[in-house]
Amino acid sequence: MSINKNVKLFLTISSIMMALAIAIGAFGAHGLKSIVSDSLLKTYNTGVEYHFYNTLGLFAASFIIYLKENSKKAVIAAWLILIGMIIFSFSLYLLVLLNMPILGAITPIGGTLLIIAWFLLAFAIIKD
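The sequence shown: position 9 = 111 (the working numbering), numbered continuously.
Rendered as structure tokens:
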């Protein structure tokens, strides 16, 4: 059984994003604990949590694309999950690491993309 290019792409990206989530989470737990305030560490950890959850979701979306290989909506949803996750989580990481609270203004854009992505994926499952 062969895997189409979209499935292979998103499974590969998911694998890389999971490795990054683990490394970034470990850095926060061990490297930032004594450097930043508890409030900033909590913000950082929120980014890590969403990074993990949505990486797992991207794995799941990959399998939905496999099952519904002609679904353009599922592929678009997967891209939106990836983009939303990067904007959401990485804006929080950079906010903490660079001490730039203005980056918090970008975070809701990522969250909005994630919400749209998950609704779109549900629609793809139902309609395609």
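Even for Gly, the Cβ is constructed at its ideal location relative to N, Cα and C.
Distance from alanine 176 to alanine 162 at the Cβ level is roughly 11 Å; contact not present, criterion being Cβ atoms closer than 8 Å. Counted as a single uninterrupted DSSP element, the alpha helix (DSSP H) harbouring alanine 180 occupies residues 174-200. In the structure shown, isoleucine 137 adopts coil according to DSSP, grouped into three states. Annotated three-state conformation of asparagine 106 is coil, per DSSP. The way I'd put it, the segment 181-190 does touch the segment 216-230; three or more beta-carbon pairs between them come closer than 8 Å.
Glycine 130 is classed as buried because its beta carbon has at least 16 other beta carbons within 10 Å across all chains shown. Within the same chain, and ignoring the five residues on either side of glycine 149 in sequence, the residues whose Cβ sits closer than 6 Å to its Cβ are Ser191, Leu194, Tyr195. Lysine 170 sits in coil when the DSSP states are folded into three classes, being neither helix nor strand.
Rounded to whole angstroms, asparagine 172 and asparagine 201 show a C-alpha spacing of 44 Å. Just measuring C-alpha positions, the residue of Pro203, Gly127, Val138 sitting nearest tyrosine 155 is Gly127. A Cβ-Cβ separation of about 6 Å places glycine 206 in contact with leucine 197 under the 8 Å criterion.
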